[in-house]
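Enquirer: Mind having a look at this structure? Questions to follow.
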Amino acid sequence: MTDKIRVSTATLCGCFGCHMSLLDIDERILELVQLVEFDRSPITDIKTVGDCDIGLIEGGVANAENVEVLRDFRKHCKVLVAVGACAVNGGIPAMRNTFELKECLEEAYIDGIGVANPQIPNDPEIPMLLNKVHPIHEVVKVDYFLPGCPPSADAIWTFLTELIEGRPVSFPYEQIHYD
Amino acid sequence: MSEIKTFRLDGVAIEFKDGDTIMDAALRAGAYIPHLCHNPEFTPHGSCRVCLVEVSGRRVSACTQPAATGLDVDNSSGAIVEERRNLLQMLFVEGNHVCPGCEKSGACQLQAVAYYTGMLSPHYTHFFPQRSVDASHPDTMIDFNRCILCELCVRASRDIDRKHVFSISGRGIGSHLTINSPGGKLGDSTFAATDKAARVCPVGAILPKHRGYEQPIGERLYDRLPVSIVGDVAAHESGDQGDEHD
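So the protein sequences, as listed, match chains S and A. Residue 138 in the working numbering is what sits at position 138 of the first sequence, and the numbering runs on without skipping anything. Whatever position you read off the second sequence (first residue = 1), add 179 for the working numbering.
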């Protein structure tokens, strides 16, 4: 074990764009791994979250598995961060909230153009969908919010470096945007 | 000879004339008080409350409060900024403001004022209301999901266009924008894309059709500089913005 800061990351109902933006810090990732060690993350492919200092959550909460993963992160992470529009306010997936879940499923799997053998998927391995997509702060306590679709690599860098160095996090004007 | 009259805004002396509101005098002096429903071309409305300031221990809206000699106006203390941010957060959760999917993003005054007040999250529980989109007009669309009830289109259509196309119906949380036409649709109203009402919306509720995402990210109205320097979005809408469908 090292005394490095432990970081876990997960995508719930998101597009992995925020993780791509994290990788967009480019060579600065070499600096980052001097300071942190990644636990559960798509980057390490570790599937369970251990005790961590920082948990970065991309995506909103759209199904039962998202709820489980999010609660698990909250339990194990000292600082939980909503990263990106979907985690912060539901984002694009929350646009389905304007419709009934039944309507969405029927449009996709029954009435959609080119659908063969129409049926709504019902395999027990598939997590049950929630009626609405929720921002993560509606399910667990969130310590920091980093908006953007995605937040730019520079914004993620500013956030992580200032948080790790224990400074109050503040951003240059052009690094904060909701899109 | 009338003497120069002043009040203090965050400790700085601001000159005013008889009949000025705090907002009028501040705008003329180049001092920024955040606002959404205020546009100097129209009668003040005082509905969005974003321009709230503290005067003698009372919260008032700067756009409706008459300026008076010797007032000490707090426009930027931590408590005022926090209250403004709370108001903005309520505006965000009451509607469906999906910035990544909105053509107005980057040139949206709601967004810009929220950036200015340091809003990083909506904080409250989202309403996710069920609202519609009206695409019946050939040149202009209305997305009711984004309407913040500022009534600028109502005022512009009534006072400048002389058409009374828009009004607010309902009360409290049931308040909503309605269109004065036989079918309740913009398409069968007297609205035209050349109307003043087409160029005053501070958000992406009233949008011209046949264009979209014209400015690349990084070059949009509020991408580089804050609203306090750039000014209102309506001030950047030139007369040819709402051109007719060709």
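Glycine included, C-beta positions come from ideal geometry on N, C-alpha and C.
Can you say whether Val49 (chain S) is buried or exposed, counting buried as having 16 or more other CB atoms within 10 angstroms of its CB?
Expert: Here the question's residue 49 (chain S) lines up with position 49 in the first sequence. By the neighbour-count rule (16 or more Cβ atoms within 10 Å), Val49 (chain S) is buried.
Enquirer: For Ser255 (chain A), which residues in the same chain have their Cβ closer than 7 angstroms to its Cβ, ignoring the five residues on either side in sequence?
Expert: Counted from its first residue, the second sequence places residue 255 (chain A) at position 76. Once the five neighbours on either side are set aside, the close Cβ partners of Ser255 (chain A) are Asp189.
Enquirer: Measure the alpha-carbon distance for Glu125 (chain S) versus Asn117 (chain S) and round it to whole angstroms.
Expert: Mapped onto the first sequence, residue 125 (chain S) falls at position 125. Mapped onto the first sequence, residue 117 (chain S) falls at position 117. Near 20 angstroms, if we compare the C-alpha coordinates of Asn117 (chain S) and Glu125 (chain S).
Enquirer: Using a C-beta cutoff of 7 angstroms, does Met95 (chain S) count as contacting chain A?
Expert: In the first sequence, residue 95 (chain S) corresponds to position 95, counting from 1. Taking Cβ atoms only, chain A reaches closer than 7 angstroms to Met95 (chain S), which makes this a yes.
Enquirer: Can you list, in chain order, the residues of its chain whose CB lies under 7 angstroms from that of Ser240 (chain A), leaving out five sequence neighbours each side?
Expert: The residue labelled residue 240 (chain A) in the question sits at position 61 within the second sequence. Gly225, Arg228, Cys230 and Leu231, listed in sequence order.
Enquirer: In angstroms, rounded to a whole number, what distance separates the CA positions of Gly421 (chain A) and Arg378 (chain A)?
Expert: Start at 1 with the first residue of the second sequence, and residue 421 (chain A) comes out as number 242. Start at 1 with the first residue of the second sequence, and residue 378 (chain A) comes out as number 199. Only weak support exists for where Gly421 (chain A) lies, its pLDDT of 40 falling under 50; the value from the coordinates is given anyway. In a straight line, the C-alpha of Gly421 (chain A) is about 7 angstroms away from that of Arg378 (chain A).
Enquirer: Below 7 angstroms CB to CB, which residues in the same chain sit around Val69 (chain S) once its five sequence neighbours on both sides are set aside?
Expert: For the purposes of this step, residue 69 (chain S) is taken as residue 69 along the first sequence, with counting starting at 1. These residues qualify, in order along the chain: Ala10 and Leu12.
Enquirer: Since I believe Leu105 (chain S) is in contact with Met61 (chain S) (beta carbons under 8 angstroms), could you give me their beta-carbon distance rounded to a whole number of angstroms?
Expert: Position 61 of the first sequence holds residue 61 (chain S). Position 105 of the first sequence holds residue 105 (chain S). The identity of residue 61 (chain S) in the sequence shown is Val, whereas the question assumes Met. Between Leu105 (chain S) and Val61 (chain S) the Cβ distance is about 18 angstroms, and since that is not below 8 angstroms, they are no contact.
Enquirer: For Arg28 (chain S), verify whether its CB is less than 6 angstroms away from any heavy atom of the ligand FAD.
Expert: For the ligand FAD, the structure offers nothing, since it holds no ligand at all.
Enquirer: Would you say the stretch 192-207 of chain A touches the stretch 273-283 of chain A, given that touching needs at least three Cβ pairs under 8 angstroms?
Expert: Touching, no, given that fewer than three Cβ pairs across the two stretches are closer than 8 angstroms.
Enquirer: CB Arg325 (chain A) to CB Ala384 (chain A), shorter than 7 angstroms?
Expert: For the purposes of this step, residue 325 (chain A) is identified with residue 146 of the second sequence, where counting begins at 1. For the purposes of this step, residue 384 (chain A) is identified with residue 205 of the second sequence, where counting begins at 1. Yes, the Cβ-Cβ distance between Arg325 (chain A) and Ala384 (chain A) is below 7 angstroms.
Enquirer: How would you call Leu267 (chain A), buried or exposed, if buried means at least 16 neighbouring beta carbons within 10 angstroms?
Expert: Residue 267 (chain A) sits at position 88 when you count from the first residue of the second sequence. Under this definition Leu267 (chain A) is a buried residue.
Enquirer: Under 7 angstroms, do Cys52 (chain S) and Cys77 (chain S) count as touching if we go by C-beta distance?
Expert: The sequence position of residue 52 (chain S) within the first sequence is 52, counting from 1. The sequence position of residue 77 (chain S) within the first sequence is 77, counting from 1. The answer is yes: Cβ separation under 7 angstroms.
Enquirer: Would Arg187 (chain A) and Ala286 (chain A) qualify as a contact pair, given that the criterion is a beta-carbon distance under 7 angstroms?
Expert: In the second sequence, residue 187 (chain A) corresponds to position 8, counting from 1. In the second sequence, residue 286 (chain A) corresponds to position 107, counting from 1. In this structure, Ala286 (chain A) does not lie closer than 7 angstroms to Arg187 (chain A) by Cβ.
Enquirer: Answer yes or no: does any C-beta atom of chain S fall closer than 7 angstroms to that of Thr357 (chain A)?
Expert: Position 178 of the second sequence, counted from the first residue, corresponds to residue 357 (chain A). Judged by the 7 angstroms Cβ criterion, Thr357 (chain A) is not in contact with chain S.
Enquirer: Are the CB atoms of Phe307 (chain A) and Val344 (chain A) within a distance shorter than 7 angstroms?
Expert: Position 165 of the second sequence, counted from the first residue, corresponds to residue 344 (chain A). Position 128 of the second sequence, counted from the first residue, corresponds to residue 307 (chain A). No; because the gap between Cβ atoms is not below 7 angstroms, this pair is not in contact.
Enquirer: How should Ser336 (chain A) be labelled, buried or exposed, when 16 other C-beta atoms within 10 angstroms of its C-beta is the threshold for buried?
Expert: Locating residue 336 (chain A) in the second sequence gives position 157, counting from the first residue. Counting Cβ neighbours within 10 Å, Ser336 (chain A) comes out buried, since at least 16 surround it.
Enquirer: Pair every Cβ in the stretch 384-393 of chain A with every Cβ in the stretch 315-333 of chain A, then say whether three or more of these pairs are closer than 8 angstroms.
Expert: Taking 8 angstroms as the limit for Cβ pairs, the verdict is that the stretch 315-333 of chain A does touch the stretch 384-393 of chain A.
Enquirer: Please give me, in chain order, every unbroken run of the alpha helix (DSSP H) with length at least 4 that falls completely inside the stretch 219-288 of chain A.
Expert: Complete alpha helix (DSSP H) runs here, min 4: 257-273.
Enquirer: Anything in the stretch 81-110 of chain S with a Cβ closer than 8 angstroms to a Cβ of chain A? List those residues in chain order, please.
Expert: Residues Ala82, Ala85, Val88, Asn89, Gly90, Gly91, Ile92, Ala94, Met95, Asn97 and Thr98.
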